[in-house]
Amino acid sequence: MTAFSVPFFMALMLSGIGEDSIALGYQSSENYRSSSLDVQLSDAQPLARHDVREALDQFTRTNGGRVEVEWNHSLRTPTLLRGKLTAPSNHSPGWIAAGVLSRLKTVYGLNHPHDELKIIEVRNTLGGASHIRVQHVLFGTPVYGDELIVHIDKQGVVRQVRGAIHPELHKQLFNRPLFAVLSEKQALAAATAALGAPLEAAAQREVTMQYMPTRKGIPLVYVIQFHYSRPTPQTRTVIVHALTGNVISE
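Numbering (UniProt numbering), first residue to last: 1 to 250.
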């Protein structure tokens, strides 16, 4: 098993991937006639946006394959793509994952996938398969809860992409990043007060700044994890608004 973090664009730069190097098809989640493939799913759901329909249809025409698609009703982006998503490849798992997600940027509502996606973990199985964990980032900062897992078989074929991505966040922020008012120390103090336990009681703590896509305005927040070893091992997470200092959840 291998775990590491690498900027998404590095995988593309090392690969020299071309526009037509990877193709995929799909099954639509609503009943309509594609020029290359007629499909129906039992739970007819609307596609996210017209450009998504066109993007998936383009994959269909190029690849001619069938892909199972499950949609998130509220996000209107896929939570699952399953099938033979790419041709076999001898490239590295990171290269393969970067390539397929770059081609799916419209489907997931991404503007520049090399800036908005980051490979944070690669797990290789004894059977030769790989699982690539990809974090959604916005202006270089992680988006809370937004991750994709790319499953690649031993032949280098992408078989599944699953996870959640909030689309077009850059547009909602008018392409401008947010900045924290609270310092990390102040956020940690607010989180500690919310827990009602002394800071020293936690054996370890982790503090990361992230965007919260489920709240209005997509605010910056501090996600603070307290790892306790006594009396029983547990982890408690407190989320503090980086502008107001309010505790969003604990």
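Heads up, the beta-carbon is just placed ideally off N, CA and C, and yes, glycines get one too.
Since the structure is predicted, the reported quantities are computational estimates derived from the model, not experimental observations.
Using three-state DSSP, classify residue i as helix, strand or coil.
i, result
"residue 195", "helix"
"residue 241", "strand"
"residue 58", "helix"
"residue 114", "helix"
"residue 52", "helix"
"residue 170", "helix"
"residue 176", "coil"
Please report the distance separating the alpha-carbon of residue i from that of residue j.
i, j, result
"residue 159", "residue 153", "7 Å"
"residue 236", "residue 87", "43 Å"
"residue 119", "residue 125", "17 Å"
"residue 170", "residue 96", "25 Å"
"residue 46", "residue 79", "Caution is warranted here: a pLDDT of 46 is assigned to residue 46, below 50, making its placement in the model unreliable, and the coordinate value is therefore given only provisionally. Approximately 14 Å between the Cα atoms of the pair."
"residue 164", "residue 127", "27 Å"
"residue 141", "residue 214", "15 Å"
"residue 94", "residue 196", "43 Å"
Buried or exposed for residue i, going by 16 or more other Cβ atoms inside 10 Å?
i, result
"residue 112", "exposed"
"residue 206", "exposed"
"residue 210", "buried"
"residue 167", "buried"
Quick one: what's got a C-beta closer than 6 Å to residue i's C-beta in the same chain, skipping five residues either side?
i, result
"residue 187", "222 and 240"
"residue 162", "80 and 149"
Spatial neighbours of residue i within its chain, please: C-beta separation below 7 Å, excluding the five flanking residues on both sides.
i, result
"residue 172", "218"
Next item on the list: Evaluate contact between the region 72-85 and the region 127-138, counting only Cβ atoms and requiring at least three cross-stretch pairs below 8 Å.
Entry: As far as the Cβ criterion goes, the region 72-85 does not touch the region 127-138, which means the pair count is below three.
Check: Is the region 185-192 touching the region 224-243 in the sense that three or more CB pairs, one from each, lie closer than 8 Å?
Finding: yes
Next item on the list: Say whether the region 165-185 touches the region 213-223, bearing in mind that this needs 3 or more beta-carbon pairs closer than 8 Å, one atom from each stretch.
Entry: The region 165-185 vs the region 213-223: in contact.
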